[in-house]
Amino acid sequence: MKEFKYVITDEMGIHARPAGLLVKAVKGYGCTVKMGKGGRTVDCKGIMGVMSLGAKKGDEVTLTFEGADEDAACEAISRFMQENL
Amino acid sequence: MRTYDGKSVCSGIAIGKIRVYKKDVQQVKRTKAKDPESELARFASAKEEAVRQLKCLYDKALKEVGEANAAIFEVHQMMLEDVDYNESVENIVRGQEVNVEYAVAATGDNFSRMFSAMDDDYMRERAADVKDISERLLAVLNGRNAGTAETEEPVIIVADDLAPSETVQLDKDMVLSFVTVHGSANSHTAILARMMEIPALVGAGLPLDETVDGKLGIVDGASGKIYVEPDEDTLNEMRERQQEEAEKKELLQRLKERENVTLDGQKVMLYANIGNIKDLAMVMQNDAEGIGLFRSEFLYLEKEDYPDEEEQFQIYKQAAETMAGKRVIIRTLDIGADKQCGYFNMEHEENPALGYRAIRICLTRPEVFKTQLRALFRASAFGNIAIMYPMITSIKEIKRIKEVVGEVKAELDAQKMPYGEPEQGIMIETPAAALISDVLAREVDFFSIGTNDLTQYTLAIDRQNPKLDEFYDAHHPAVLRMISMVVENAHRAGIWAGICGELGADQTLTREFLAMGVDELSVSPGSILPIRKIVLETNVGEYKAGK
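Those sequence lines, one after another, are chains A and B.
When the count follows our numbering, it moves up by one through the first sequence with no breaks and lands on 85 for the last residue.
When the count follows our numbering, it moves up by one through the second sequence with no breaks and lands on 547 for the last residue.
Okay, here's the thing in structure tokens:
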């Protein structure tokens with residue numbers, strides 16, 4: 001299992017558009033990707049779940065990756081978060 | 001005529017027939033399903049159709065309102081494909097052995113309730129998106145098109161609320177304005193209206209029935225009002241304003257960001273006169289190069305007591321920062337004469353126009369003057385502020401002003417308070433100042449000619465007295481000669497000279513002023529673009545030759 005933490009810097013937080021992009025990016029990998037914030041964890045392959053976390057600027061989220069391509073997914077999604085959120 | 005108030009999210013005026021837009025209420029019955037799997041097959045094909053529709057909407061929105069606003073329809077597609085959403089529908093159909101319509105409606109309600117409960121305005125708005133996709137699915141399942149409003153003429157759309165897909169599906173050429181009873185400034189409807197630059201109101205408390213539908217209406221985006229069956233006067237007034245705005249917009253399109261330079265290359269600065277910090281928006285909208293006259297009186301006249309240094313500092317700083325490096329010329333307190341202020345306790349005067357006013361008050365009440373100067377010098381560290389002193393008649397006054405300025409700076413230094421070095425200029429609004437302008441020019445950084453008082457003092461005519469109109473000549477050669485002389489004297493001493501009185505906006509004189517070599521014209525914001533037009537079309541050399 002791979003894991004990283006990330007603090008949101010985007011003014012709007014994880015709003016609809018980046019949530020959609022994140023889901024799209026995650027769906028490119030076979031492993032399960034989960035995101036947690038404040039004790040709640042959601043599946044990153046569903047946009048409703050990702051949005052329901054309501055992650056705002058300054059919030060810390062934890063992403064976990066589990067599966068065959070977890071290394072590649074972790075690296076790519078880490079880059080995605082830095083570029084978009 | 002009936003008038004309803006709403007909150008304006010996009011300005012402008014729309015006049016036209018009102019169309020009340022009502023959603024088809026999708027009545028969903030819960031029925032037992034004999035074969036849940038065939039229900040789910042219907043769900044799968046409905047989803048396919050809904051995604052196809054959303055793709056079309058995305059393309060339409062992309063063309064009309066840009067990628068950022070179109071993205072919501074991609075999000076809708078993802079919502080339709082969301083794992084949790086789909087699992088919920090499947091669980092309800094299989095678990096309760098019910099029809100898929102019921103499962104979709106129940107799932108939509110649950111998810112939109114989840115978003116509604118979030119502690120974030122933006123996320124709460126997304127409840128509308130979840131409802132929107134569920135309604136789309138239901139419409140497909142019922143074999144109907146979701147939310148289309150066909151109209152033959154452009155209309156004002158009035159609705160309880162509009163889903164983003166409904167807003168985009170409306171034919172853009174057929175919509176004059178959006179008015180919704182619910183909805184917020186963050187809603188897609190509001191955002192789209194701003195993109196389309198059409199007036200829009202949210203939170204308008206009007207009934208959605210036959211008293212409104214099909215009636216003539218006016219939406220005034222400036223005041224946030226909608227008039228239903230307007231009376232003749234209102235209609236005429238609004239038509240006029242609509243016409244003015246259309247002309248202004250057209251002029252703006254053509255003249256914005258153009259340099260104020262004549263055909264033969266003479267430049268002039270076109271600045272704005274303002275009387276309140278609230279006017280800054282107008283200054284920006286009309287593309288002024290700076291503020292040529294910021295009347296500081298409003299700070300005093302709107303109050304019950306002297307405005308303190310901090311209060312003034314904040315206002316001046318805001319003006320300087322908003323104008324971002326462009327010159328902001330602030331005139332020090334100019335009360336007395338026709339502008340009276342209770343707490344100054346001024347004595348009654350027989351002849352206030354020639355009395356205790358403007359710089360005369362400041363120099364005899366240094367505590368009032370110093371407070372304003374401290375605020376001005378401090379604020380000038382935040383932008384390009386210039387200070388202008390009114391009603392100057394002598395060199396002695398300028399010397400006294402300089403003494404006070406020296407004291408103010410020494411005090412600020414002692415208190416280690418940062419300040420800038422603003423340009424300091426004077427108004428030329430007395431014949432005395434005009435006649436000694438060669439001497440005055442050596443003492444200051446600029447001149448600004450106040451033509452209202454200069455004309456009144458030169459012609460000895462009270463502008464408030466209508467009986468004197470027949471003797472009054474705004475273009476009197478005495479006044480024009482004085483202006484020409486002041487400009488010449490300024491240039492000889494190497495400083496610039498402008499006009500901030502009403503005459504500056506007189507379009508019949510613009511060429512004349514250019515020929516005199518006036519460096520700056522400061523006019524009301526609305527006059528800037530019409531004057532820029534004249535400047536751009538003028539050849540000063542030819543004008544002089546033709547005289």
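Where is the CB? At the ideal position from N, CA and C, for every residue including glycine.
Small disclaimer: the values here were computed from a predicted structure and weren't measured.
Less than 8 Å separates the beta-carbon of L301 of chain B from that of K339 of chain B. In the DSSP annotation of this structure, the continuous segment of the alpha helix (DSSP H) that includes A515 of chain B starts and ends at T510 to M516. Y21 of chain B and V140 of chain B do not touch by the CB rule: their CB atoms are close to 20 Å apart, not below 8 Å. Put simply, the region 192-199 of chain B does not touch the region 90-105 of chain B. Fewer than three CB pairs are less than 8 Å apart. Residue state for Y356 of chain B is assigned as coil, using DSSP reduced to three classes.
The continuous alpha helix (DSSP H) containing A375 of chain B extends over residues P366 to A379. When the alpha-carbon of F513 of chain B is set against those of B:A474, B:A272 and B:V268, the nearest one is in B:V268.
Against chain B, the CB of S52 of chain A has a partner CB under 8 Å away; the residue lies at that interface. Its chain contains T451, A474 and L509 as the residues whose beta carbon lies nearer than 7 Å to that of L503 of chain B, once the 5 sequence neighbours on both sides are disregarded; these appear in chain order. A320 of chain B and Y343 of chain B have their C-alpha atoms spaced approximately 28 Å apart. The alpha carbon of G39 of chain A has as its nearest neighbour, out of A:L53, A:K45 and A:G30, the alpha carbon of A:L53. Judged by beta-carbon spacing, F382 of chain B lies within the 8 Å limit of K317 of chain B, meaning their Cβ atoms are closer than that value. At least one C-beta of chain B is nearer than 8 Å to the C-beta of G46 of chain A. As the crow flies, the alpha-carbon of E3 of chain A is around 13 Å from that of D69 of chain A. In this structure, DSSP gives T458 of chain B a helical state, which the three-state scheme calls helix.
Under the Cβ distance rule, R17 of chain A counts among the residues neighbouring chain B, one pair being separated by less than 8 Å. Nearest CB-CB separation between E74 of chain B and chain A: below the 8 Å threshold. The beta carbon of I18 of chain B sits closer than 6 Å to those of I156, V158, V212, K215 and G217, all from its chain and outside the five residues before and after it, given in chain order. Contact of K56 of chain A with chain B by beta-carbon distance below 8 Å involves D120.
Nearest Cα to I483 of chain B within the set B:K467, B:E520, B:R254 and B:N465: B:E520. Distance check between V487 of chain B and each of B:L435, B:K533, B:D462 and B:E245 places B:L435 closest, using alpha-carbon atoms only.
In this structure, DSSP gives I226 of chain B an extended state, which the three-state scheme calls strand.
Less than 8 Å separates the beta-carbon of R532 of chain B from that of L270 of chain B. At least one CB atom of chain B sits nearer than 8 Å to the CB of V23 of chain A.
For N286 of chain B, there is no enclosing beta strand (DSSP E), since its DSSP letter is neither H nor E. For the 8 Å CB-CB criterion, F313 of chain B and R378 of chain B form a contact.
Less than 8 Å divides the Cβ of V540 of chain B from the Cβ of D264 of chain B. In the structure shown, Q424 of chain B falls within a strand segment according to DSSP collapsed to helix, strand and coil. Residue B:H476 holds the alpha-carbon nearest to the alpha-carbon of Y457 of chain B among B:D119, B:L137, B:H476 and B:K32. A check of alpha carbon separations from Y6 of chain A across A:G67, A:A73 and A:A55 identifies A:A55 as the nearest. The region 8-17 of chain B makes no contact with the region 66-82 of chain A, as fewer than three CB pairs between them are under 8 Å. At least one beta carbon of chain B lies nearer than 8 Å to the beta carbon of G20 of chain A.
Residue pairing by DSSP places V179 of chain B opposite B:V158 and B:L201 in a beta bridge.
Contact note: D84 of chain B reaches chain A through G46, M48 and G49, using a C-beta cutoff of 7 Å and chain order. Within chain B, the residues placing a beta-carbon under 9 Å from that of M12 of chain A are Y122, ordered along the chain.
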